[in-house]
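A quick write-up on the structure given underneath.
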Amino acid sequence: MTLRSIVLFIAMALSTTVNAVPDEVPPNDEPCGAIALQIVNGCMPRRYATTGATTSDTTSPGALSVPAPCDGAIPNNDVWFTALVPANGELRLEMEATTLSDAALAIYTAEGSCTEGTLSLTPAACATDGSTYDEAMPLITATGLTPNSTVYVRVWRESGEEGDALLCAGSTNPVPGPCTFVANLTDQLGTGWGDSFVRICINPPGPDPAICNDLSIDGSSGTFTFGVSVGTVVSITSYPLDQSPAGRGLSIITMNGVPLYSNAPIPAGPLTAFAVNSICNMPPAPYSSCIGSIGLSTYQLELSIGGWMMNYADDLGPGNQGCLINGEEHAGAWIKIPLCNPGPFAFTITPEVDEMDVNWALWGPVPWNPACPLEQQPIRCSRAATSGVTGLIAGALDQSEDITGDGWLEPVPTGPEENYMLYLEGNNDLINTVTLHITAGYLNLFGLCDITTTITDRYAAREETIHPNPAHTALTLQPGHGSPYQWQLIDARGSLVRSGNHTGDFTLSVNDMPKGLYLIRTRTNEGSAQEHRWMKE
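The working numbering puts the first residue of the sequence shown at 818, with every later residue one more than the last.
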């Protein structure tokens, strides 16, 4: 045999030997090797090996009975975990995809013990899909479990490649308050933070010691909810233990869905600290969120949508989105519309750029401060692919339209003193300006709902002391006396627009003022005061 043949023979033998080495069996391949899951308020997926796992039989070392998990389920390559059931008897489990992209899980109640070789499992719940991370991965919230008992969790591959399991175990128990915050951890690459973590320390007032939680993720994202009392000091510090911080983000979300802190990538060291105040540190919500909706106080409103705007809560979903597509509300605006008199209600939405396509929906009647997200379907909804002006117009017959519509829907027949909620969005994330114009219906401004009657009756009773009403270009005030007086012009928001001093009649130019309802107040030096409401059209 030549030297070359000997080398080739050895190489082939080594290759055969290496290829024959089987994958290492995970330590939790059988029920009695189960790994304990950490329960949190939220979902912090951790990574667990499944490659090399075998399929558990109906009996296994230490276990007398390991029945099939679900009707017809075939638990290929399964691994096992345990979880301590929270005090409310509910356990939430969710998985995120890796190369293992189609998995299932089951929850078993248990009797006996592994140490005595008497463990007996009974199937309690099962899930094969529904994860908020990946639809083919499982999500389950099991109820009716015995509080503080230990249950077993079985995870297996349904189809596709093997891979690590990303699994979180969560409690649905409300956290102690009265203030709650949510820490959102993200990783753009989806590979997790490695050994890096953030430490959230909660230092309540008084002698109680601070409690610190070290948080990290193994996948794309995770959430951790914590509750604190007023006066508590919360401090957050980052500990990057590797050289790959890019793409890692952290945000602290308040009870109204608005971030108190947000940063990506996360720098090393102290990130933020705050003392919890009586309003739980809630910043004002933007009008891109339902909870931050604008209360309409003028007949014509100009506002921006898209671009920098974000929606900090999932306001739209199958139960309330109508013709709109879930997830598009990040670039929109929510507007509360208070109406007075019964009759047809109509409006136009005019984009500054003619090529812009505006989608919108209208809900109502609703309370003035409705619970968000709304719990009803819209009464009007437009997702027409047409660009330019859209809205409610007399003569239109549709109440909802998809992309094939023309952008115009039927006006709404309203009752007395009703409120409506309007949501509008652009079809892209560019910054766009739109103008909402109420074309039919009377707004409830200043808490007065007799606008048309008030205008007519006051006009007659005071012998046209203020006219014309409504006014277009000029307004004349006749005080009915010869004394000097001060006058103030106030808009529907209660803001002072103009003021001055005068004696006798005077005419005020209003040509440059926005349409809407206004208030004029007059007061003489002797203290006699009057108020007049008038409409600019």
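Ideal placement from N, C-alpha and C gives every residue a C-beta, glycine not left out.
Own chain partners of Thr1071 with C-beta closer than 8 Å, once the 5 adjacent residues on each side are dropped: So the list reads Phe998, Leu1077, Cys1097, Asn1098, Met1099 and Pro1100, once near-sequence residues are dropped.
Pro1184 burial status per 10 Å Cβ neighbour count (16 or more: buried): Exposed: under 16 other Cβ atoms inside 10 Å.
Pro862 vs Ala923 beta-carbon contact at 7 Å: no
Inter-residue spacing [alpha-carbon to alpha-carbon] between Leu1002 and Glu1192: 29 Å
Residue closest to Ser1068, alpha-carbon to alpha-carbon, out of Pro1155, Thr1040 and Ser1199: Considering only alpha carbons, the answer is Thr1040.
Per-residue DSSP class, three states only, for Pro1168: strand
Reference Asn894; option with closest CA among Ala904, Ala866 and Pro884: Nearest C-alpha to Asn894: Ala866.
Leu1214, buried or exposed, once every other Cβ within 10 Å from all chains shown has been counted against 16: exposed
Collapsed DSSP secondary structure at Pro817 in the structure displayed: Since the first residue of the chain shown is 818 and the last is 1354, residue 817 is not available in this structure.
Exposure label - Thr958; buried when at least 16 CB within 10 Å: exposed
Nearest candidate by alpha-carbon position, reference Cys1107, set Val1093, Cys943, Ile1083 and Leu1133: Leu1133
Tyr950 and Glu913 closer than 7 Å at C-beta: yes
Beta-ladder partner(s) of Leu1077, from DSSP: Partner(s): none; Leu1077 has no beta bridge.
Three-pair Cβ contact test at 8 Å for the region 1235-1254 versus the region 1175-1182: yes
DSSP-derived helix/strand/coil call for Cys943: strand
Sufficient close CB pairs (3 or more, under 8 Å) joining the region 1198-1209 to the region 1220-1228: yes
Residue-chain proximity (Thr926, chain C), Cβ-Cβ < 7 Å: The displayed structure is made up of one protein chain only, and chain C is not part of it.
Helix, strand or coil at Cys1198 according to DSSP, with G and I counted as helix: strand
Rounded separation between Ser1095 and Pro1021 - CA only: 14 Å
N-terminal and C-terminal residue of the beta strand (DSSP E) that Pro1101 is part of: Where Pro1101 is concerned, there is no enclosing beta strand (DSSP E), given that its DSSP letter is neither H nor E.
Spatial neighbours of Gln855 in its chain, beta-carbon cut-off 8 Å, leaving aside the 5 residues before and after: Met861, Arg863 and Ala986
Same chain, Cβ closer than 7 Å to Glu1172, neighbours up to 5 away in sequence not counted: Ser1204
Closest Cα partner of Ile1017 within the set Met954, Ser1038, Asp981 and Gly1086: Relative to Ile1017, the option among Met954, Ser1038, Asp981 and Gly1086 whose CA is nearest is Gly1086.
Glu1169 classed as buried or exposed, judged by whether at least 16 other C-beta atoms fall within 10 angstroms: exposed
Buried or exposed (CB count within 10 angstroms, at least 16 for buried), Ala1278: Only weak support exists for where Ala1278 lies, its pLDDT of 32 falling under 50; the coordinates are left without a value.
First and last residue of the uninterrupted beta strand (DSSP E) at Met1238: Asn1236 to Gly1243
Cβ pair Ser1217, Cys1198 closer than 7 Å: yes
Among Asn1176, Thr1231 and Gly879, the one whose alpha carbon lies nearest that of Gly1363: Lying outside 818 to 1354, the shown extent of the chain, residue 1363 is not represented and no answer is given.
Nearest neighbour of Pro1331, chosen from Thr1252, Phe1164 and Leu1141 [CA to CA]: Thr1252
Which of helix, strand or coil DSSP assigns to Ile1111: Strand.
Collapsed DSSP secondary structure at Tyr1335 in the structure displayed: The three-state reading of DSSP puts Tyr1335 in strand, counting E and B together.
Inter-residue Cα distance where the pair is Arg821 and Val842: In this prediction, Arg821 has a pLDDT of 40, which is less than 50 and means its spatial position is unreliable; what the coordinates show is noted afterwards. Distance between the alpha carbons of Arg821 and Val842 is about 38 Å.
Cα-Cα separation, Pro903 to Thr963: Roughly 9 Å separates the two Cα atoms.
Where the beta strand (DSSP E) containing Gln1303 begins and where it ends: Pro1301 to Ile1307
Run of the beta strand (DSSP E) containing Trp973, from where it starts to where it stops: Thr967 to Arg974
CB contact flag (Thr1049, Ile1019, <7 Å): yes
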